[in-house]
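*Asks:* Pasting a structure here, questions to come.
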Amino acid sequence: IILPLNGGKAGTAGYGNKLRRDSADWYKITTNADGLLRFTFTASKTSVNLTLFDNNGTKQIAQSLNSTNGTFNNDGLAAGTYFVRIKCYNVSVYSPYTLNDTLIKPVQQHDSEPNNQQSQAINLPLNKTKEGHVGYYYNLKRDSADWYKITTNADGLLRFIFKAPTTSTNITLYDK
24 IILPLNGGKA
34 GTAGYGNKLR
44 RDSADWYKIT
54 TNADGLLRFT
64 FTASKTSVNL
74 TLFDNNGTKQ
84 IAQSLNSTNG
94 TFNNDGLAAG
104 TYFVRIKCYN
114 VSVYSPYTLN
124 DTLIKPVQQH
134 DSEPNNQQSQ
144 AINLPLNKTK
154 EGHVGYYYNL
164 KRDSADWYKI
174 TTNADGLLRF
184 IFKAPTTSTN
194 ITLYDK
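Per this note's numbering: the sequence shown = residues 24 to 199.
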């Protein structure tokens with residue numbers, strides 16, 4: 024079922040009928056930007072598990088703890104299509120639930136891609152600021168490095184001021 028971006032759905036996980044049990048509900052969500060994808064959920068009868076999958080529907084990205092209500096976040100997701108599966112923790116019961124999602128975009132602008140290797144380096148203008156983000160995941164790949172190229176016009180001190188608000192990030196200077 025399509026889960027609207029920054030929207031929600033209600034459902035029932037684990038419902039049984041005529042000796043068959045609906046063991047899982049699947050939702051498809053398509054984000055329009057990179058960022059943190061937050062899911063909030065409430066299950067009224069039993070604990071549920073939420074699992075986030077990549078666009079292939081088989082590669083598990085993250086999983087929530089067993090809970091009847093809560094928030095489940097996954098940061099560093101690139102724009103694209105993802106799948107969410109909801110299952111009851113106890114397979115012999117069912118539970119009505121609500122599921123909502125929110126995409127929280129980073130404050131930094133997106134850098135041009137691809138720039139994952141030295142040969143794809145983006146020009147970094149002298150005495151200017153450049154914004155970007157690294158480490159975003161999509162389609163079984165993580166944007167693990169961003170490369171920039173700077174050309175000086177005189178001898179002297181080259182100083183970089185680097186700010187990364189959420190995680191440890193390395194910056195390395197190489198010569199030509």
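No residue lacks a Cβ here, since even glycine has one placed at the ideal position from N, Cα and C.
#1: So what does DSSP say about Q143, is it helix, strand or coil?
#2: Over what stretch of residues does the beta strand (DSSP E) that includes P119 continue unbroken?
#3: Can you give me the C-alpha to C-alpha distance between Y160 and I84, rounded to a whole angstrom?
#4: At 3 residues or longer, and completely inside the region 53-110: list those beta strand (DSSP E) runs for me, N to C.
#5: Quick test of your reading: W49 and R108, contact by CB under 8 Å. State the CB separation rounded to the nearest angstrom.
#6: Mind reading off the beta-carbon distance from T69 to S118? Whole number of angstroms is fine, and I expect it under 8 Å.
#7: Where does W170 fall in DSSP's three states?
#8: Taking only the alpha-carbon atoms, compute the straight-line gap between F185 and S115 and give it to the nearest angstrom.
#9: Taking the alpha carbon of R165 as the point to measure from, which residue in L100, N150 and L147 has its own alpha carbon closest?
#10: Would you grab the beta carbon distance between F76 and Y105 for me? Rounded to a whole angstrom, and I think it's under 8 Å.
#11: I'd like to know whether the C-beta atoms of L122 and L26 end up nearer to each other than 8 Å.
#12: Do three or more CB pairs link the region 123-134 to the region 43-62 at distances below 8 Å?
#13: State the DSSP-derived secondary structure class of K199, mapped to helix, strand or coil.
#14: From this set, S191, G39 and T175, which residue's C-alpha is nearest S167's C-alpha?
#15: Here's the rule I'm using: 16 or more other beta-carbon atoms within 10 Å means buried, otherwise exposed. How should K110 be labelled?
#16: Please list, in chain order, all residues of the same chain as L163 whose beta carbon is under 8 Å from its beta carbon, the five residues on each side excluded.
#17: Quick check: the Cα distance between L73 and D57, rounded to an integer number of angstroms?
#18: For my contact list, F64 and N92 are in at a C-beta cut-off of 8 Å; report their separation, rounded to the angstrom.
*Replies:* Concretely, from the data shown:
#1: helix
#2: S118 to I127
#3: 9 Å
#4: 58-66, 71-76, 83-86 and 92-100
#5: 5 Å
#6: 5 Å
#7: coil
#8: 53 Å
#9: L100
#10: 7 Å
#11: yes
#12: yes
#13: coil
#14: S191
#15: buried
#16: D77, N79 and K82
#17: 21 Å
#18: 6 Å
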